[in-house]
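Step one of this worksheet: look at the structure below.
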Amino acid sequence: MRHIISLRLENELGALSRVASLFSQRNYNIERLTIANLPKIRLLSRLILTTIWHDKFIEQIIKNVNKPIKVVKLVNLSESVHIDRGLIFGTS
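In this text, residue positions in the sequence shown follow the numbering used here: the first is 2, and each later residue adds one.
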């Protein structure tokens, strides 16, 4: 099943690489990844990632993400009503 996980984390050096290494250490695949600074709160970033795994593995990911990274808020968007859009960049 596809899961979309939204993280609000402290904007510090290496935060993105720690999230990516957490997934690679456990052989989880990140299908899509988006990260950006929150405009009003400069000290926080929002990271949205999409992965395909079983529900019990997603619970492990959610528990393990909080350990090496200072996560302020974590939401599994797959559990609520959402719109999933993808962008395609072409050359002209």
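For every residue, glycine included, the Cβ atom is placed at its ideal position computed from N, Cα and C.
Near Arg3, what residues of its chain come up, given a Cβ to Cβ distance below 6 Å and the 5 sequence neighbours on each side ignored? What you label residue 3 is simply residue 2 of the sequence shown in a count that begins at 1. Taken in chain order, the residues that qualify are Ile53.
Taking the alpha-carbon positions, what's the Leu17 to Asp56 distance? Here the question's residue 17 lines up with position 16 in the sequence shown. Here the question's residue 56 lines up with position 55 in the sequence shown. So the alpha carbons of these two residues sit roughly 23 Å apart.
Heavy atom of the ligand GDP less than 7 Å from the Cβ of Ile62, yes or no? The model depicted lacks the ligand GDP and carries no ligand whatsoever.
Measuring only the C-alpha atoms, how far is Asn30 from Asn65? Counting from one through the sequence shown, the residue named residue 30 turns up at place 29. Counting from one through the sequence shown, the residue named residue 65 turns up at place 64. Going by the C-alpha atoms only, they are around 15 Å apart.
Leu39 beta carbon less than 8 Å from that of Glu11: For this step, residue 11 is matched to residue 10 along the sequence shown. For this step, residue 39 is matched to residue 38 along the sequence shown. No. Outside cutoff.
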